[in-house]
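Colleague: Before we start, here is the structure in question, set down as structure tokens.
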Amino acid sequence: MATPVPSFLAPIVQLIFFLVFVLCLAGLMLRFFQGRTALDRLVIFESFVLGVLSLTAFYGLVVGTTLFMDVILLFSIVGFLSTVAAARFVENGDIFDDD
Amino acid sequence: MMIEWIGFFLLVIGLLFFTVGNVGVVRYEDVYLRLQCASKSLTFGFCSIVLAAGILSEDPSTLVKACVAVAFQFITAPISAHVIAHAAVKRRLRPAHLHAEEDIPETTTQDEVEKPKVDELASGGGAAPAAGG
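Order-wise, the sequence lines are chains A and B. With positions in the first sequence counted from 1, the corresponding number in the numbering used here is that position plus 24. With positions in the second sequence counted from 1, the corresponding number in the numbering used here is that position plus 9.
Right under this line is the structure:
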């Protein structure tokens, strides 16, 4: 459903906010490709998921819709599960160990 | 008008913490140091931005969803940080600022600690403890 866009979000403010988000995510992406170990990349992946979630919330605020809040809930669950599964796989080469 | 000021304040605080956390994640040189920023600053920035989006939408159901997302993030961020740090310690990744002659301990997790045998404890009262360790 449509909600009113807040009045302080002038186009220049939107531009600054989006620029900060894009710079942060670009830095994370560069560090992802030159990370040292797999766990470094995993931490960077987790923070990238958080950045995309924050960007989604802000974009929903700019566009003026509330549909993105469901997207945030689902994608946070997916990000958490993938982080835990990848960390357990890195830890002992198996996700479901039976000890 | 008041709601817009609160939302703007939360948005700016969230973006500030998000930026600082990202700089920390990018510039630190260690898993353990990166986990600091990734699990504290970024979580707080995300929570502030999502709460701002929930407040500024002026819709009660959206605000409830934002609170659920924040609560979920507050629950799951320590869990994922713990799992990653557990994997890092179990793989014996060295902290970056450890001295060269030091080493992280051999037995790191609780289930790997060698338990003393019961009969040794019972019989050897004044005897010298077993070598090694």
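Where a beta carbon is used, it is the ideal one built from N, C-alpha and C, also for glycine.
Please tell me whether A/L97 and B/V77 are closer than 8 Å, where the distance is taken between their beta carbons.
Modeller: Taking the first residue of the first sequence as 1, we reach residue 97 of chain A at position 73. Taking the first residue of the second sequence as 1, we reach residue 77 of chain B at position 68. Yes, they are a contact pair.
Colleague: On the DSSP letters alone, give me the boundaries of the alpha helix (DSSP H) that A/V29 sits inside.
Modeller: Translated into positions along the first sequence, residue 29 of chain A becomes position 5. It is not in any alpha helix (DSSP H) - A/V29 carries neither H nor E in the DSSP assignment.
Colleague: Give the residues of chain B in contact with A/G96, contact being defined as C-beta atoms less than 7 Å apart.
Modeller: As a working note, residue 96 of chain A is residue 72 in the first sequence. Rather than Gly, the amino acid found at residue 96 of chain A in this sequence is Ile. Those are V59, A78, listed as they occur along chain B.
Colleague: Please compile the residues from chain B whose C-beta is within a distance smaller than 9 Å of the C-beta of A/L85.
Modeller: As a working note, residue 85 of chain A is residue 61 in the first sequence. Those are G16, L20, I58, A61, A62, L65, S66, listed as they occur along chain B.
Colleague: Where A/G84 and B/R101 are concerned, what is the direct C-alpha to C-alpha distance, given to the nearest angstrom?
Modeller: The residue you call residue 84 of chain A lines up with position 60 of the first sequence. The residue you call residue 101 of chain B lines up with position 92 of the second sequence. Roughly 42 Å separates the two Cα atoms.
Colleague: Where A/M93 and B/I93 are concerned, what is the direct C-alpha to C-alpha distance, given to the nearest angstrom?
Modeller: Along the first sequence, read from residue 1 onward, the residue named residue 93 of chain A stands at position 69. Along the second sequence, read from residue 1 onward, the residue named residue 93 of chain B stands at position 84. Each residue's Cα considered, the two are about 27 Å apart.
Colleague: Run through chain A and tell me which residues come within less than 9 Å of B/F27, C-beta to C-beta.
Modeller: Here residue 27 of chain B corresponds to residue number 18 of the second sequence, with the count starting at 1. Near B/F27 (Cβ distances below 9 Å), the residues of chain A are V44, F45, C48, L74, G75, S78.
Colleague: Excluding the 5 residues preceding and the 5 following A/L52 in the sequence, name in chain order all residues of the same chain whose CB lies nearer than 7 Å to its CB.
Modeller: In the first sequence, counting from the first residue as 1, residue 52 of chain A sits at position 28. Correct list, in chain order: I68, S71, F72, G75.
Colleague: With 16 as the cutoff for other CB atoms within 10 Å, does B/V73 come out buried or exposed?
Modeller: The count along the second sequence starts at 1 and reaches residue 73 of chain B at position 64. When all chains shown are included, B/V73 counts as exposed.
Colleague: Might you give, ordered along the chain, the residues of its own chain that have their beta carbon closer than 6 Å to the beta carbon of B/A47, omitting 5 neighbours on each side?
Modeller: Counted from its first residue, the second sequence places residue 47 of chain B at position 38. Once the five neighbours on either side are set aside, the close Cβ partners of B/A47 are V34.
Colleague: Does chain A have any CB closer than 8 Å to the CB of B/R43?
Modeller: Position 34 of the second sequence, counted from the start, is the residue given in the question as residue 43 of chain B. Answer yes: the Cβ-Cβ gap between B/R43 and chain A drops below 8 Å somewhere.
Colleague: What residue range is occupied by the uninterrupted alpha helix (DSSP H) comprising A/D118?
Modeller: In the first sequence, the residue the question calls residue 118 of chain A occupies position 94. Neither: A/D118 is in no alpha helix (DSSP H) and is coded neither H nor E.
Colleague: Rounded to whole angstroms, what is the Cα-Cα separation between B/T71 and A/T90?
Modeller: As a first step, residue 71 of chain B is located in the second sequence; it is residue number 62 there, counting from the start. As a first step, residue 90 of chain A is located in the first sequence; it is residue number 66 there, counting from the start. For B/T71 and A/T90, the distance between alpha carbons rounds to 7 Å.
Colleague: Can you tell me whether A/T61 is helix, strand or coil according to DSSP?
Modeller: The residue given as residue 61 of chain A occupies position 37 in the first sequence. Residue state, collapsed to three classes: coil.
Colleague: Verify the CB distance criterion: does B/H4 have a CB-CB separation below 8 Å to chain A?
Modeller: Because chain B spans 10 through 142 in this model, residue 4 of chain B falls outside it and cannot be assessed.
Colleague: If you follow the alpha helix (DSSP H) that B/A105 is in, where does it begin and where does it stop?
Modeller: For this step, residue 105 of chain B is matched to residue 96 along the second sequence. Element bounds for B/A105: n/a, residue is neither H nor E.
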